[in-house]
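S.K.: Structure below; questions to follow.
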Amino acid sequence: MSLRVRHLHPFDLPPKDAMRLQTWLAAKVVAKGAPRRPLRRVAGVDCAVDRDGHVHGVVVVCEAPDWHVVETVSASAPAPMPYVPGLLSFRETPILLDALARLRTRPDLLLVDGHGIAHPRGLGIAAHLGLHLDVPVVGVGKSLLVGAHEKAGRHRGDWRALMLKGRRVGLVLTTRDGVAPVYVSVGHRIGLFPAARRVLECATKYRLPEPIRHADALSRRLARGETLATRG
DNA sequence: GCGACAG
DNA sequence: ATCTTGTCGC
Ligand SMILES: [Mg+2]
Numbered sequence: 097m098s099l100r101v102r103h104l105h106p107f108d109l110p111p112k113d114a115m116r117l118q119t120w121l122a123a124k125v126v127a128k129g130a131p132r133r134p135l136r137r138v139a140g141v142d143c144a145v146d147r148d149g150h151v152h153g154v155v156v157v158c159e160a161p162d163w164h165v166v167e168t169v170s171a172s173a174p175a176p177m178p179y180v181p182g183l184l185s186f187r188e189t190p191i192l193l194d195a196l197a198r199l200r201t202r203p204d205l206l207l208v209d210g211h212g213i214a215h216p217r218g219l220g221i222a223a224h225l226g227l228h229l230d231v232p233v234v235g236v237g238k239s240l241l242v243g244a245h246e247k248a249g250r251h252r253g254d255w256r257a258l259m260l261k262g263r264r265v266g267l268v269l270t271t272r273d274g275v276a277p278v279y280v281s282v283g284h285r286i287g288l289f290p291a292a293r294r295v296l297e298c299a300t301k302y303r304l305p306e307p308i309r310h311a312d313a314l315s316r317r318l319a320r321g322e323t324l325a326t327r328g
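For what it's worth, my numbering labels the leading residue of the first sequence as 97, then goes sequentially.
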């Protein structure tokens with residue numbers, strides 16, 4: 097069996113209940129651990145919405161050292177609820193779990209397009225997904241949701257602490273010289289620095305780590321109904 | 001009450 | 001996120 101996906105609770109909840117659940121689940125996140133190095137297989141997930149309001153979730157597994165794609169799976173369904181800042185996971189997680197359950201390859205690590213514990217109640221989509229899986233998960237956000245930090249560094253590898261309520265909830269990591277940073281935070285079963293180090297390893301040519309970049313591109317193409325080049 | 005606000 | 005052409009900078 098490649099990846100264990102378990103159902104912990106229903107996702108179609110009223111906002112107030114969803115928020116209470118986030119606070120409850122956040123206490124279960126494990127912010128420590130370090131996946132094998134060198135990294136071998138890394139998965140990336142992302143979603144896109146088509147004109148009819150259907151969410152397309154994609155999982156792409158890449159392999160070191162060049163991070164070429166070795167497996168791709170997807171799932172789609174009508175959007176469960178509208179996008180609400182802080183409740184993103186209740187919109188995308190159900191679909192991503194469906195896609196993840198179809199994965200045959202077991203990744204050493206899962207990178208998510210969105211924050212982990214750098215969230216108002218400590219349970220961004222990467223953390224929420226992580227609690228349903230048995231592999232380390234890392235959140236990689238493209239913009240800030242909560243917290244404060246000093247101006248990002250200008251060189252690849254530079255980082256700044258992302259603080260929230262006196263707690264370091266993430267790192268503002270520069271993955272390319274002179275380019276906007278990404279926000280790295282713990283999803284589950286991994287420490288913050290091990291997470292940042294691995295995100296940097298996967299972000300070889302672009303700002304975003306390859307697995308996420310591919311998942312982003314593929315989900316967008318699925319949402320746009322473009323014809324896909326098949327292979328495997 | 002006001003402003004902030006992942007994707 | 002999504003709607004969309006050109007344009008600025010390396
Ligand atoms: Mg996305």
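The beta carbon of each residue, even a glycine, is placed where N, CA and C say it ideally should be. Since the structure is predicted, the reported quantities are computational estimates derived from the model, not experimental observations.
Can you tell me whether M97 is helix, strand or coil according to DSSP?
M.R.: M97 falls in the coil class under three-state DSSP.
S.K.: Between the C-alpha atoms of P216 and V282, what's the straight-line distance to the nearest angstrom?
M.R.: Approximately 14 Å, taken between the alpha carbons.
S.K.: For the alpha helix (DSSP H) holding S185, just list the boundary residues, first then last.
M.R.: Start and end: S185 to A197.
S.K.: Compute every distance between the C-beta of D194 and the non-hydrogen atoms of ligand 1, then say whether any falls below 7 Å.
M.R.: Every heavy atom of ligand 1 is 7 Å or more from the Cβ of D194, so no.
S.K.: Can you say whether R147 is buried or exposed, counting buried as having 16 or more other CB atoms within 10 angstroms of its CB?
M.R.: Counting Cβ neighbours within 10 Å, R147 comes out exposed, since fewer than 16 surround it.
S.K.: Using only Cβ atoms and a threshold of 5 Å, which residues come within that distance of a heavy atom of ligand 1? Order them by chain position.
M.R.: Listed along the chain, these residues meet the criterion: D142 and D209.
S.K.: Thinking C-alpha only, which one of V157, H164 and S315 is nearest L205?
M.R.: The shortest C-alpha separation from L205 is found at V157.
S.K.: Using 10 angstroms around the beta-carbon of T271, count the other beta-carbons present and answer buried if the total reaches 16, otherwise exposed.
M.R.: Flag for T271 reads buried.
S.K.: Jot down the residue ranges of each uninterrupted beta strand (DSSP E) in the region 195-248, minimum 3 residues, whole runs only, in chain order.
M.R.: Taking only runs of at least 3 residues, the beta strand (DSSP E) segments lying wholly in the region 195-248 are 205-209 and 233-237.
S.K.: For M115, collect the residues of the same chain with a Cβ closer than 8 Å to its Cβ; drop the 5 residues on either side in sequence, then sort them by chain order.
M.R.: Taken in chain order, the residues that qualify are G182, L183 and R217.
S.K.: Given a threshold of 16 other Cβ atoms within 10 Å of its Cβ, counted over all protein chains shown, does E306 qualify as buried or as exposed?
M.R.: Looking at its Cβ environment, which holds 16 or more other Cβ atoms inside 10 Å, E306 is buried.
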